[in-house]
Amino acid sequence: MTTPFEVRGKMRSGEFTLPTSGLCEDYIQANLVILPKNLAFDFLLFCQRNPKSCPVIDVTDVGSYVPHLSAPNADLRTDLPKYRVYKNGEVVDEPTDIKEYWTDDMVGFLIGCSFTFEEALIKNGIPMRHNEEGVNVPMYKTSIEAMPAGKFSGPTVVSMRPMKEKDVIRAVQVTSRFPSVHGAPIHIGNPQSIGITNINQPDFGDAVTINEGEVPVFWACGVTPQAIAMHMKPALMITHAPGHMFITDLKSEHVSVI
Numbered sequence: 107m108t109t110p111f112e113v114r115g116k117m118r119s120g121e122f123t124l125p126t127s128g129l130c131e132d133y134i135q136a137n138l139v140i141l142p143k144n145l146a147f148d149f150l151l152f153c154q155r156n157p158k159s160c161p162v163i164d165v166t167d168v169g170s171y172v173p174h175l176s177a178p179n180a181d182l183r184t185d186l187p188k189y190r191v192y193k194n195g196e197v198v199d200e201p202t203d204i205k206e207y208w209t210d211d212m213v214g215f216l217i218g219c220s221f222t223f224e225e226a227l228i229k230n231g232i233p234m235r236h237n238e239e240g241v242n243v244p245m246y247k248t249s250i251e252a253m254p255a256g257k258f259s260g261p262t263v264v265s266m267r268p269m270k271e272k273d274v275i276r277a278v279q280v281t282s283r284f285p286s287v288h289g290a291p292i293h294i295g296n297p298q299s300i301g302i303t304n305i306n307q308p309d310f311g312d313a314v315t316i317n318e319g320e321v322p323v324f325w326a327c328g329v330t331p332q333a334i335a336m337h338m339k340p341a342l343m344i345t346h347a348p349g350h351m352f353i354t355d356l357k358s359e360h361v362s363v364i
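Residue numbers (this note's numbering): 107 to 364.
Here's what the structure looks like:
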């Protein structure tokens, strides 16, 4: 599974249903949000007002499940390893395809994912603990309120990667080059300062080991819309399952800033 097309084929057939961190290292990974047309403009405005957590990579035409700008031969109904279906703010299903839920008035949004810059961190000598431990990256709801837009409001979600203190400045420098996939961290250090009361109990994903001498580093996360769904309770919102991303045909270098 070396190319995005091959990986998406494995997902489409149901052969691959795992988190996607570390896959197709040179390509942009993306969060998915699917909404009915009557909520699409408000959500696009929400993304525009919250570019750290919701940097838009692609938006489909109404009724189309093809992301023409980022993967023109893909199908957003089938080409992710696992989805989440929210109804009135509650998760009602985690299918491996969403054909039964798709309707002709839906709009798909692809939002940049921090998995995209992980390879750059690794190349700079900063290991990814969740990959080392074979788990999903930990993600947390915070006390940082997103900027409201229309019907959309609620808390910002962050992903966390622990690292040695000496590596933090380099991590900021490296990830600042990728503003289209969340960019630089939004918080470093004490999790309680952003409303996280127990670092060992993430709201999404899995806990990872934080060794002595390491600090937690937090990036804005594209799972934010799922926290928003829990808060505003739309009749229907379809997303990726946290950590189970859409892999585009776009090279990571296309979104990096020299």
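Don't be surprised by glycine CBs; every beta carbon is placed ideally from N, CA and C. Source: prediction; values computed, not measured.
* Specify the secondary structure class of valine 329 as computed by DSSP and reduced to three states. => In this structure, DSSP gives valine 329 a state outside helix and strand, which the three-state scheme calls coil.
* Asked: The beta strand (DSSP E) spanning threonine 262 covers which residue range?
  -> Where threonine 262 is concerned, the enclosing beta strand (DSSP E) stretches over 261-270.
* Cα separation between arginine 235 and phenylalanine 223? -> Going by the C-alpha atoms only, they are around 14 Å apart.
* Whole runs of the beta strand (DSSP E) within the stretch 187-226, excluding any shorter than 3 residues -> Runs of the beta strand (DSSP E) inside the stretch 187-226: 189-193, 196-199, 212-218.
* Kindly confirm or deny that the stretch 237-255 and the stretch 196-205 touch, where touching means at least three C-beta pairs closer than 8 Å. => With a cut-off of 8 Å, the stretch 196-205 and the stretch 237-255 do not count as touching, because too few Cβ pairs lie within range.
* Could you spell out the range, first to last residue, of the beta strand (DSSP E) harbouring alanine 277? => Looking at the DSSP string, alanine 277 is not in any beta strand (DSSP E); the run it does join, the alpha helix (DSSP H), is 274-281.
* To do: Identify which residue in Leu129, Gly120, Leu186 has its Cα closest to the Cα of histidine 350.
  => When the alpha-carbon of histidine 350 is set against those of Leu129, Gly120, Leu186, the nearest one is in Leu186.
* Do you know whose CA, among Gly214, Val263, Gln135, lies nearest phenylalanine 310's CA? -> Of the candidates Gly214, Val263, Gln135, the one whose C-alpha sits nearest the C-alpha of phenylalanine 310 is Val263.
* Determine the direct distance from the alpha carbon of alanine 313 to that of proline 331, and round the result to whole angstroms. => Distance between the alpha carbons of proline 331 and alanine 313: 21 Å.
* Asked: Considering lysine 357, what are the terminal residues of the beta strand (DSSP E) in which it resides?
  -> Membership of lysine 357 in the beta strand (DSSP E) is indicated by the continuous run 352-357.
* Express the C-alpha separation of asparagine 137 and glycine 295 in angstroms, rounding to a whole number. => Straight-line Cα distance between these residues: approximately 26 Å.
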